[in-house]
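Chains as they are written, first to last, in our numbering: chain W, 7 to 364; chain V, -14 to 388.
We put the beta carbon where it would ideally sit given N, CA and C, even for glycine.
Read through the structure below, which is laid out as structure tokens, and then see the notes.
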Amino acid sequence: MSIHDATGDADAPRHADDRTTGERILAGLRSRTALAVALAVTLVVFWGLGYRQGASGSDLLSLTIWGVMLGGIIALGAIGLTLVYGVLKFPNFAHGELVSFGAYGTFTIMALLPASAALRPFSFGWDLLVGMVVTMPLVALVALVVDRVLFRPLRVRDASLVLFAMASLAASFFLRSVIYLVWGSDFLFFYPGRSNPVLSLPLDIRIQADQLFVFVLAAILVALTWILLSRTRMGKAMRATANNPDLAQVRGINTERVIAATWALGASLAVAGGVMYGLASQLRPEMGWFLLLPMFAAVIMGGIGSPAGAIVGAIIIGIAQQVSSSFINPAYGPGVSFILMVVVLVLQPMGLFGQKDD
Amino acid sequence: MMQQIDLARTALLFLPLFLLGLLALPGRATRRAILALIAAAVAAFALPLILDRGTLTYLVSFSTMAGIYAILALGLNSQWGLAGHVNFGVAGFFSVGAFTSALFTTTMPEGALAAYSQQAFGLQWPFLAGVVMAGILAAIVGFLISIPVLRLRTDFLAIATLGIAEVIRFIFQNERWLANGPQPMRGIPRPLDCLFKDPACSWLPTGVADFLAPLSPRDYVFFYLIVVSLILALVFIALERISRSPWGRMLRAIRDEENSAAMNGKNVTRRRIESFVVGSFIMGVAGAVYAHYVVSIDYSHFNPLFATFIIWVMLMLGGSGNNKGAILGAFAVWGVWSGAAFMIDSASPALQLISDDLPSRGAYLRWMLVALLLGLIVLYRPQGLIKERKRVSDFMPDDTNKD
Chain W
7 MSIHDATGDA
17 DAPRHADDRT
27 TGERILAGLR
37 SRTALAVALA
47 VTLVVFWGLG
57 YRQGASGSDL
67 LSLTIWGVML
77 GGIIALGAIG
87 LTLVYGVLKF
97 PNFAHGELVS
107 FGAYGTFTIM
117 ALLPASAALR
127 PFSFGWDLLV
137 GMVVTMPLVA
147 LVALVVDRVL
157 FRPLRVRDAS
167 LVLFAMASLA
177 ASFFLRSVIY
187 LVWGSDFLFF
197 YPGRSNPVLS
207 LPLDIRIQAD
217 QLFVFVLAAI
227 LVALTWILLS
237 RTRMGKAMRA
247 TANNPDLAQV
257 RGINTERVIA
267 ATWALGASLA
277 VAGGVMYGLA
287 SQLRPEMGWF
297 LLLPMFAAVI
307 MGGIGSPAGA
317 IVGAIIIGIA
327 QQVSSSFINP
337 AYGPGVSFIL
347 MVVVLVLQPM
357 GLFGQKDD
Chain V
-14 MMQQIDLART
-4 ALLFLPLFLL
6 GLLALPGRAT
16 RRAILALIAA
26 AVAAFALPLI
36 LDRGTLTYLV
46 SFSTMAGIYA
56 ILALGLNSQW
66 GLAGHVNFGV
76 AGFFSVGAFT
86 SALFTTTMPE
96 GALAAYSQQA
106 FGLQWPFLAG
116 VVMAGILAAI
126 VGFLISIPVL
136 RLRTDFLAIA
146 TLGIAEVIRF
156 IFQNERWLAN
166 GPQPMRGIPR
176 PLDCLFKDPA
186 CSWLPTGVAD
196 FLAPLSPRDY
206 VFFYLIVVSL
216 ILALVFIALE
226 RISRSPWGRM
236 LRAIRDEENS
246 AAMNGKNVTR
256 RRIESFVVGS
266 FIMGVAGAVY
276 AHYVVSIDYS
286 HFNPLFATFI
296 IWVMLMLGGS
306 GNNKGAILGA
316 FAVWGVWSGA
326 AFMIDSASPA
336 LQLISDDLPS
346 RGAYLRWMLV
356 ALLLGLIVLY
366 RPQGLIKERK
376 RVSDFMPDDT
386 NKD
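So this is what it looks like as structure tokens:
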């Protein structure tokens, strides 16, 4: 489900016979298969290291499942990031702030709603879900305003990628300062002091119902995005614009509308990611910034512009971060995702599902 | 009649002012030197007379900090301006430099102190040796990160450098044994601080010691401004020489027309790695200069805002590719940043009217201001205040219309 047109594996060597053995080995190492194998081996090594540090099998299984949940949260952010990256062709460093805005916006909407009892076995009530749904269009609006004020003039001028990246960094710091000014720097909680019991499952697996909900919600949203991209007119227009903006415009696609739709979709998913992340831990102004590195790692691992790749990458990174906490300081989680990203860049910068740039 | 303390301050102010004059005044070398000499002498005598002592001290410590940022901006300029590398991880190289110099120059904590303060080693090396080690270590980090990343597209470099800076910050935050973990690393020695102590350094001639006697340790910043401006001048001259050298021309060629440069037999990847390493070295040096100035450092000093973002704003405002512009930008943005603090303080009653929480969060208005500044620069003046001077040869007229 790449948003680029499938044009076959651009990596396939045409004149394989011209190359020396060394070149062939190098090319083999820098293939997708090698990347997939390397990532799988990394995860296995992580499990092994955790086991040697004294984590039991069920501990590791729990960590792995938590990793899939964390991957779901990362994926919600990463899909938007990869869509914007694919359609607008720049890394949006402000995407993390859309995640934070989602969480904080939901927090404020919830304060306006009557408090609702927890929907057991979950720890949250209807107010959280309503707040999230209401916040989605609001944050989408924020993203659209930023695009209109900042990115569109640059687009019109056909500015260089670096200026786009700088502009997004400026937007990131601007939006974060808004969070600091409006909500302050203290940690906030959706439901302070509410218990969040662990489900009793076979095999001694410890998970909370919330974590299951996060994963199911992520899966539903991801499936909806898939349908949107592959079945609807707008989805096809998005893929066409990502592939070749000029050609798309010539063929009668309103690229500005496509870009607006991309922002709206990316921002809405980011809201869901932010709410889930806030539910799993707490709300803090840097929450989006902390997620940015794992999100970028997922995007690059999956291949820029590929939502399916972003999901796979996010889950791999989620598992790696959680399992690594069994043998190193959990604070290094983002560092683990960074190392994995560097591995991807060394072996195959196009990622698992990406298409070569022309 | 000037008091002796003001005279001593005049003497210390002279050299930084002279260097500033050399940088800012127009004209050919000899004329400029004479002009700068006169202007610096006048200004050095005038400043302590016009300004009261507290204001002057503030101005000097402001210039010291701006000078340190100017070194960072020059380092970034040698990467971005000269070679087109997008380094969003300045903070990483900055902090590696700061902690390296701290480790090499401090004393290993002993006895009861060792229970509170841990560090990997403390070699008590002299200041300059610490600075050089800081540069070398930052350069090594830059080299290691550039190998996998520099052969790729610029956007990957931006993401990867952002990542390495965060990872380095995590390491300094969490590894207690390395540099006292989340606690600050204290007691970083200031070079020649005995000049301002009583009794002064034993090796100092009595005449000089008597002359400096009225100065208290609070005036140390006057001396440190000399240190910072000398290092800044050194970096500036080196970078100007580099960008005029064949190597600098090659880098600009690679930056503007990578394929043509490669076709003409230039080793693009090697040159890109070299220029990235040079920039990392300079950032490491700036880190060391910073560490010896503030005396106590911890990981939180090197967050993405203060140590990466603001330096980009400085460079973009001053003019990428222009070393003078980088210095101008550093002083201008640091001026805006420091001035905004006063403005927000005085606007505090007005902020109180909007919301009770707002005055205590006023500091974040400065973030907003700097972010807005960068947005405006990107939108309206991406070439900065001083444009890059594209000069192929001294014998060809400047083509100012060419972009």
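Any residues in the stretch 90 to 112 of chain W with a beta carbon nearer than 9 angstroms to a beta carbon of chain V? Which ones, in chain order? Sequence-ordered contacts of the stretch 90 to 112 of chain W with chain V read Y91, K95, F96, P97 and F99 [C-beta pairs closer than 9 angstroms].
For chain W, check one thing: does any of its Cβ atoms lie closer than 8 angstroms to the Cβ of V:G360? In the second sequence, counting from the first residue as 1, residue 360 of chain V sits at position 375. With a threshold of 8 angstroms between beta carbons, V:G360 makes contact with chain W.
Quick one: which residues of the stretch 296 to 326 of chain V get their C-beta closer than 9 angstroms to a C-beta of chain W? List them in chain order. Residues of the stretch 296 to 326 of chain V with a Cβ closer than 9 angstroms to any Cβ of chain W, in chain order: W297, V298 and M301.
Run down chain V in chain order and give the residues with a C-beta less than 9 angstroms from the C-beta of W:P365. No statement about residue 365 of chain W is possible, as the shown extent of chain W runs from 7 to 364 and does not include it.
Cα-Cα separation, W:P19 to W:F344: To locate residue 19 of chain W, count along the first sequence from 1; it is residue 13. To locate residue 344 of chain W, count along the first sequence from 1; it is residue 338. Here the model assigns W:P19 a pLDDT of 49, short of 50, so the residue's position is not dependable, and the following value carries that caveat. Roughly 30 angstroms separates the two Cα atoms.
Are the CB atoms of W:T268 and W:M244 within a distance shorter than 8 angstroms? The residue you call residue 244 of chain W lines up with position 238 of the first sequence. The residue you call residue 268 of chain W lines up with position 262 of the first sequence. Yes. Within cutoff.
Boundaries of the beta strand (DSSP E) in which W:Q214 is found, first to last residue: Position 208 of the first sequence, counting from 1, holds the residue named residue 214 of chain W. Its beta strand (DSSP E) spans residues R212 to Q214.
Comparing C-alpha positions only, which one of W:L187, W:I325, W:L175 and W:V51 sits nearest to V:V71? The residue labelled residue 71 of chain V in the question sits at position 86 within the second sequence. Answer by Cα proximity: W:L175.
Under 6 angstroms Cβ to Cβ from V:S265, same chain only, skipping five residues before and after it: list those, please. Here residue 265 of chain V is taken as the residue at index 280 of the second sequence, counted from 1. Within the same chain, V:S265 has close Cβ partners F78, A123, A124 and G127.
Going along the chain, which residues of its own chain have a beta-carbon closer than 7 angstroms to the beta-carbon of V:N308, five neighbours each way excluded? Here residue 308 of chain V refers to the residue found at position 323 when the second sequence is read from its first residue. The residues are L59, N62, F221, L224 and E225.
In this structure, does DSSP put V:L219 in helix, strand or coil? Position 234 of the second sequence, counted from the first residue, corresponds to residue 219 of chain V. Here DSSP, grouped into helix, strand and coil, assigns V:L219 to helix.
V:I(-10) (DSSP reduced to helix, strand or coil): For this step, residue -10 of chain V is matched to residue 5 along the second sequence. V:I(-10): helix per DSSP, three-state reduction.
Using a Cβ-Cβ cut-off of less than 7 angstroms, list which residues of the stretch 294 to 305 of chain W approach chain V; keep chain order. The stretch 294 to 305 of chain W vs chain V, Cβ under 7 angstroms: L299 and F302.
I want to know whether the stretch 62 to 72 of chain W touches the stretch 329 to 339 of chain W - three or more CB-CB distances under 8 angstroms. Because the criterion of three Cβ pairs below 8 angstroms is met, the stretch 62 to 72 of chain W and the stretch 329 to 339 of chain W touch.
Cβ of V:L(-3) within 8 angstroms of any chain W Cβ: Translated into positions along the second sequence, residue -3 of chain V becomes position 12. Cβ-Cβ to chain W under 8 angstroms: no for V:L(-3).
For my contact list, V:P435 and V:S187 are in at a C-beta cut-off of 8 angstroms; report their separation, rounded to the angstrom. As displayed, chain V neither begins before -14 nor continues past 388, which places residue 435 of chain V out of reach and without an answer.
Please list, in chain order, all residues of the same chain as V:L4 whose beta carbon is under 7 angstroms from its beta carbon, the five residues on each side excluded. Locating residue 4 of chain V in the second sequence gives position 19, counting from the first residue. Counting only Cβ-Cβ distances below 7 angstroms, and skipping sequence neighbours, we find S214 and A218.
Checking contacts by CB at 8 angstroms: is V:T42 closer than that to chain W? Counting from 1 along the second sequence, the entry for residue 42 of chain V is found at position 57. No, its Cβ sits nowhere closer than 8 angstroms to a Cβ of chain W.
At what residues does the alpha helix (DSSP H) containing V:V45 begin and finish? As a working note, residue 45 of chain V is residue 60 in the second sequence. From DSSP, the alpha helix (DSSP H) with V:V45 extends over R38 to L61.
In the stretch 297 to 353 of chain W, which residue ranges form an unbroken alpha helix (DSSP H) of at least 4 residues, counting only runs that do not cross its ends? Restricted to the stretch 297 to 353 of chain W, the alpha helix (DSSP H) segments that are unbroken, complete and at least 4 residues in length are 313 to 330 and 339 to 353, listed in chain order.
Let's see if you can read the secondary structure: which residues bound the alpha helix (DSSP H) around V:V274? For the purposes of this step, residue 274 of chain V is taken as the residue at position 289 of the second sequence. Counting along the chain, the alpha helix (DSSP H) containing V:V274 begins and ends at V253 to V279.
List, in order along the chain, the chain V residues whose C-beta lies closer than 8 angstroms to that of W:M307? Within the first sequence, the letter at position 301 stands for residue 307 of chain W. For W:M307, there are no neighbours in chain V by C-beta distance under 8 angstroms, as the nearest C-beta there is about 12 angstroms away.
Nearest-angstrom Cα separation, counted from V:E151 out to W:L167: The residue given as residue 167 of chain W occupies position 161 in the first sequence. The residue given as residue 151 of chain V occupies position 166 in the second sequence. Those two C-alpha atoms are separated by around 23 angstroms.
Under the rule that 16 or more other beta-carbon atoms within 10 Å means buried, what is V:G324, buried or exposed? For this step, residue 324 of chain V is matched to residue 339 along the second sequence. V:G324 is exposed by the Cβ-count criterion.
Chain V within 8 angstroms of W:G357, Cβ atoms only: The residue you call residue 357 of chain W lines up with position 351 of the first sequence. For W:G357, no CB of chain V lies under 8 angstroms from its own CB, so it is not counted at the interface with that chain.
Nearest candidate by alpha-carbon position, reference W:M356, set W:G324, W:A224, W:I325 and W:V305: Stepping through the first sequence from its first residue, residue 356 of chain W is reached at position 350. Here the closest residue by C-alpha is W:V305.
By alpha-carbon positions, which one of W:L66, W:L49, W:D65 and W:E103 ends up nearest to W:E292? Looking up residue 292 of chain W in the first sequence gives position 286. The closest CA to that of W:E292, considering only W:L66, W:L49, W:D65 and W:E103, is found on W:E103.
Report all residues from its chain with a CB closer than 8 angstroms to the CB of V:G360; omit the five preceding and five following residues, and keep chain order. Along the second sequence, one-based indexing puts residue 360 of chain V at 375. Result list for V:G360: empty, nothing under 8 angstroms.
With DSSP collapsed to three states, give me the class of W:V140. Translated into positions along the first sequence, residue 140 of chain W becomes position 134. DSSP places W:V140 in helix when its eight states are reduced to three.
How close, in whole Å, do the beta carbons of W:G86 and W:L271 come, if the pair is a contact with beta carbons under 8 angstroms? Here residue 86 of chain W refers to the residue found at position 80 when the first sequence is read from its first residue. Here residue 271 of chain W refers to the residue found at position 265 when the first sequence is read from its first residue. Between the beta-carbon of W:G86 and that of W:L271 there is about 7 angstroms, and that keeps the pair under the 8 angstroms contact cut.
Is it the case that the Cβ atoms of W:D216 and W:F128 are separated by a distance below 8 angstroms? Looking up residue 216 of chain W in the first sequence gives position 210. Looking up residue 128 of chain W in the first sequence gives position 122. It is a contact, given that the beta carbons lie within the stated cut-off.
Flag W:S236 as yes if its beta-carbon sits less than 8 angstroms from any beta-carbon of chain V, otherwise no. Against the first sequence, residue 236 of chain W aligns to sequence position 230. No Cβ of chain V is located within less than 8 angstroms of the beta carbon of W:S236.
To the nearest angstrom, how far is the alpha carbon of W:G63 from that of W:V47? Here residue 63 of chain W corresponds to residue number 57 of the first sequence, with the count starting at 1. Here residue 47 of chain W corresponds to residue number 41 of the first sequence, with the count starting at 1. Distance between the alpha carbons of W:G63 and W:V47: 18 angstroms.
For V:N249, count neighbouring C-beta atoms within 10 Å of its own C-beta (all shown protein chains included) and say buried if the count is 16 or more, exposed if not. Counting from one through the second sequence, the residue named residue 249 of chain V turns up at place 264. Exposed, by the Cβ-count rule.
Buried or exposed: where does V:P334 fall if 16 or more other Cβ atoms within 10 Å of its Cβ makes it buried? Within the second sequence, residue 334 of chain V is the residue found at index 349, counting from 1. So V:P334 counts as exposed.
Using a Cβ-Cβ distance under 8 angstroms, would V:D341 count as near chain W? As a position in the second sequence, residue 341 of chain V is number 356, starting the count at 1. No, because no Cβ of chain W sits closer than 8 angstroms to the Cβ of V:D341.
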